[in-house]
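Trainee: Questions regarding the structure given below will be posed in turn.
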Ligand SMILES: [Fe+2]
Ligand SMILES: [Fe+2]
C-alpha cells in the first residue's frame, strides 16, 4: 500500500450539513458527567510528562500488541465509554459510524475521508490493552513547554505535575524551537498519536491529510482556540482546515439516536478493503 498521497484542495470553512447543534457541546462548567470528566483531566494533567510520553511512544510505537482487523477493533470499542467526554454516554463504536456518516453526507466524493471518520478514535483500544483513560482519551496538549490558557481545567490540574516545576519545560517554548512544526512536538500520549502510529506502521493507503487529521484531532487548544501557534510551521497551518473539518463531524454528529450499524457495515468494509485491508498490527 502506498500512503501519503496529497489531497491538495483544503475544505471550505462552512458549517456542517448535518443538523445544526441544538445542544451546547463541550460544556466543562456544568452537566451530569462533569465530575467524571474533571477527574479524568486531573489525572491526565498530573501524570502526562515528557518522560511518560517518551515511554509510551517506545512501548506502543512498534505496534506489537495484537493482530486485528479494523472491524475487530471497532467491535471492541463497544465495551468502551469515554470518561472525558461531557456529551456522550454510549459506546464509542456508534460515535465512529455517526462521524463517518456525517462526513459522507457532506463530502460524498471523498471516500477516504469517510473512512477517517470511522477510524479516528480507534486508538481508544488502548483502554482495552489496560491503559487508564487519562492516558488515552480527552484533549491533548504539548508536553515539554508551558501550558497555554485554553487547556481544559488547566488552571487547577497541573500543580502536581513534576514538569510544571522543571525549568527546561516551563517556559513558553520549553524544549522546542520557534515554529518547529507539530510533527516535532511531543504531544500528551493518547489515542490520536497511537492511531497515527498504527496507520503509519501498517502503511494505510490514505492521503497525508488523513494521517494528520487523526494525529491532531484532539488538540483542541490549537484547532479550536488558536493557542500554541508559536510551535506551528506552514505545513500545520495548511492542515488546520482539514482538522477543523473533521472536528465538525466528530462533535456535531453526537446524538442519542444511534445509527443502524448492520446496514452500514458493508459500505465501510469496502473502504477498509481498499485502504487498510486484513489483519493489522496494533
Ligand atoms: Fe478522538
Ligand atoms: Fe471522536
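Residue numbers (the UniProt record's numbering): 1 to 282.
Even for Gly, the Cβ is constructed at its ideal location relative to N, Cα and C.
When you compare only the Cα positions, how much space is there between residue 44 and residue 69?
Mentor: Rounded to whole angstroms, residue 44 to residue 69 spans 29 Å at the Cα level.
Trainee: Considering only heavy atoms of ligand 1, list every residue whose Cβ is less than 6 Å from one of them, following chain order.
Mentor: For ligand 1, residues qualifying as neighbours are 120, 121, 191, 217 and 218, where qualification means a beta carbon closer than 6 Å to at least one of its heavy atoms (chain order).
Trainee: Taking 8 Å as the cut-off, is the C-beta of residue 109 nearer than that to any heavy atom in ligand 2?
Mentor: no
Trainee: Residue 193 lies in the alpha helix (DSSP H); which residues open and close that run?
Mentor: 191-201
Trainee: How would you write the range of the alpha helix (DSSP H) that residue 58 sits in, first residue to last?
Mentor: For residue 58, the enclosing alpha helix (DSSP H) starts and ends at 50-60.
Trainee: For ligand 2, is there a heavy atom less than 8 Å away from the beta-carbon of residue 250?
Mentor: Because some heavy atom of ligand 2 lies under 8 Å away, the Cβ of residue 250 counts as near it: yes.
Trainee: For residue 283, which residues in the same chain have their Cβ closer than 7 Å to its Cβ, ignoring the five residues on either side in sequence?
Mentor: Because the chain here runs from 1 to 282, residue 283 falls outside it and cannot be looked at.
Trainee: Restricting to Cα atoms, I'd like to know which of 150, 136 and 241 is closest to residue 52.
Mentor: Residue 52 has its Cα closest to that of 136, out of 150, 136 and 241.
Trainee: Give every residue of the same chain whose Cβ lies closer than 8 Å to the Cβ of residue 132, excluding the five residues on either side of it in the sequence, and list them in chain order.
Mentor: 43
Trainee: What are the start and end residues of the alpha helix (DSSP H) that includes residue 64?
Mentor: In the DSSP assignment, residue 64 falls outside any alpha helix (DSSP H), carrying neither H nor E.
Trainee: Closer than 6 Å by C-beta to residue 219: which residues in its own chain qualify, once you throw out the five before and the five after it? Chain order, please.
Mentor: Excluding sequence positions up to five before and after residue 219, its CB lies within less than 6 Å of the CB of 140, all in the same chain and listed in chain order.
Trainee: Just how far apart, CA to CA, sit residue 121 and residue 171?
Mentor: 31 Å
Trainee: Count the other CB atoms, across all protein chains shown, that sit within 10 Å of the CB of residue 22; report buried if there are 16 or more and exposed otherwise.
Mentor: Residue confidence is low: residue 22 scores 47 on pLDDT, short of 50, so the model does not pin down where it sits. Its coordinate-derived value is still stated next. By the 10 Å Cβ count, residue 22 comes out exposed.
Trainee: Could you tell me which residues DSSP puts in a beta bridge with residue 277?
Mentor: According to DSSP, residue 277 bridges with nothing at all.
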